[in-house]
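Yeah, the sequence shown ends on 1629 if you go by my numbering, and it's all consecutive.
We treat Cβ as the ideally placed atom computed from N, Cα and C, and that holds for glycine.
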Amino acid sequence: MGKWIKKIIQFVLFLGLGFFFVWLSVKNLTPSDIEIIRQSARSVLAPKPFFLVILSITVMALGHYFRALRSIMLINPLGYQLRKSTSFYAVMVSYLANLAFPRLGEVLRPTFIQRYDNIPFSKALGTIVTERVIDMIMFVLIMILAIVLNSSMLSELIVNQATGETLRDWIVNKMQGTLLNGTLIALGLGTVAIILLAYFYREKLKKIPFFAKIGRFVKGAIQGLISIKDMDRPFLFVVYTLLIWVTYFLGAYILFFAFDFLSGLGLMAGLSVLAFGSIGFMIAQGGLGAYPLIVAGIFVLYGVKYEEGLAAAWVGWSAQTIMIIVVGFVSLLLASLQNRKTKTNQDEKAV
């Protein structure tokens, strides 16, 4: 199967998955529910809510700029000079590319950096792998924090309407069942056996392309994490990482105040939207369908009507997507102009 055919199939599958989530979110809505969604979405066109939407995506764009600054801290110590402008343009263009094809941005970003700042593709790609690992660690920590802070609410969530069984009761019953029938013990022993087999046959596994790829990724990730301590200013790197996620959180939380039915929600609701909403971007292309569906479900847990929550979630997703498209294309234009100006200056110096 050709490379492009695989990409087309992947594109269709991810896009189809997105539309499936769209259908899933609206399949049980009545005409009156749809009208509520329309009215709720239109409400952001009023001056104050519209300003808050713009402020929300501006703060998120600032987070992307912090990501660009963090990228410089990884690349420049390697002996290269990545400009702030090029780094930011590369970040935004990579997000734009991800809207078209899943994970295309991960390849396009180092290519972009190589073209405009003459930094080897392999070096730029290596730093991006490090960033991915760090972001995954941050995501897991935020997810754990969101679950812990919302544990009391989640434990009382009804999972069986007929019996009134709560999530806490369901977990306790399942745990007791697995302990009684030995399933948990079997899983534990099986896990240990797999680890031991992987260790003793590691040389043979390295020859299998799939496992070799995983091994290279893990090795590169570990090396990338270790390299952080050798930076000139590792504390600043940590600050940039925190600022990225703080701005993403603030961007999501500011949007609450654009809707009357969300303005009463607290910081924990914002954290939940950040944590669980991020999953939507992981499982569907550009978060299409999945992000609004997940975020609407979060709002329901906090007592918001599903229709209103879905409207707010679609507004949030649409605003983010439009921002990425606009800033992404502007970045392409500015990068081209910047490159042309640089070449002109170099030609003048040569003369």
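Practice problem: Quick one: using the 10 Å Cβ neighbour count with 16 as the cut-off for buried, is residue 1525 buried or exposed? | Solution: buried
Quiz item: Where does residue 1587 fall in DSSP's three states?
Solution: helix
Quiz item: What's the call for residue 1595, buried or exposed, on a 16-neighbour Cβ count within 10 Å?
Solution: buried
Quiz item: Short check: CB of residue 1405 to CB of residue 1503, under 8 Å?
Solution: no
Self-check item: the segment 1522-1542 in contact with the segment 1330-1347 per 3-pair CB rule at 8 Å
Solution: yes
Quiz item: For residue 1344 versus residue 1612, is the C-beta spacing smaller than 8 Å?
Solution: no
Quiz prompt | Pair within 8 Å by beta-carbon distance, residue 1347 and residue 1354 | solution = no
Exercise. Ignoring anything shorter than 3 residues or poking outside the segment 1364-1442, list the beta strand (DSSP E) runs there in chain order.
Key: 1436-1438
Exercise. Compute the beta-carbon to beta-carbon distance between residue 1484 and residue 1490, rounded to the nearest angstrom, for a pair I have assumed lies under 8 Å.
Key: 5 Å
Exercise. Let me know the secondary structure DSSP gives residue 1596 once reduced to three states.
Key: helix
Practice problem: Out of 1418, 1390, 1577, 1586, state which residue places its alpha-carbon closest to the alpha-carbon of residue 1431. | Solution: 1577
Quiz prompt | Spatially closest choice to residue 1476 from 1465, 1381, 1493, by CA coordinates | solution = 1493
Quiz prompt | Reference residue 1565, options 1393, 1602, 1350, 1468, closest by Cα | solution = 1602
Quiz item: Expressed to the nearest angstrom, what Euclidean distance is found between the alpha-carbon atoms of residue 1403 and residue 1310?
Solution: 50 Å
Exercise. Go ahead and pull the three-state DSSP assignment for residue 1329.
Key: helix
Quiz prompt | Cβ shell of residue 1552 (< 7 Å), same chain only, five flanking positions each side left out | solution = 1420, 1526, 1527, 1530
Quiz item: In terms of alpha-carbon separation, which member of 1298, 1547, 1469, 1383 lies closest to residue 1429?
Solution: 1547
Self-check item: Span separating the alpha-carbon of residue 1437 from that of residue 1590
Solution: Low confidence applies here, because residue 1437 scores a pLDDT of 48, under 50, leaving its location unreliable; read the following figure in that light. Whole-angstrom Cα-Cα distance: 25 Å.
Practice problem: Would you identify the three-state DSSP class for residue 1617, choosing helix, strand or coil? | Solution: helix
Practice problem: Taking 8 Å as the cut-off, decide whether the C-beta atoms of residue 1386 and residue 1369 are in contact. | Solution: no
Self-check item: Candidates 1606, 1581, 1561, of which the one nearest residue 1380 by Cα
Solution: 1561
Quiz item: In chain order, which continuous runs of the alpha helix (DSSP H) of length 4 or greater are located wholly inside the segment 1469-1528?
Solution: 1480-1484, 1487-1506
Quiz item: Hey, residue 1563 and residue 1357 are a contact pair by Cβ (cut 8 Å); roughly how many whole angstroms apart?
Solution: Residue 1563 to residue 1357, Cβ: 37 Å. No contact.
Exercise. Helix, strand or coil for residue 1358, going by three-state DSSP, please let me know.
Key: coil
Quiz item: By the 10 Å Cβ neighbour count, where 16 or more other Cβ atoms means buried, how is residue 1597 classified, buried or exposed?
Solution: buried
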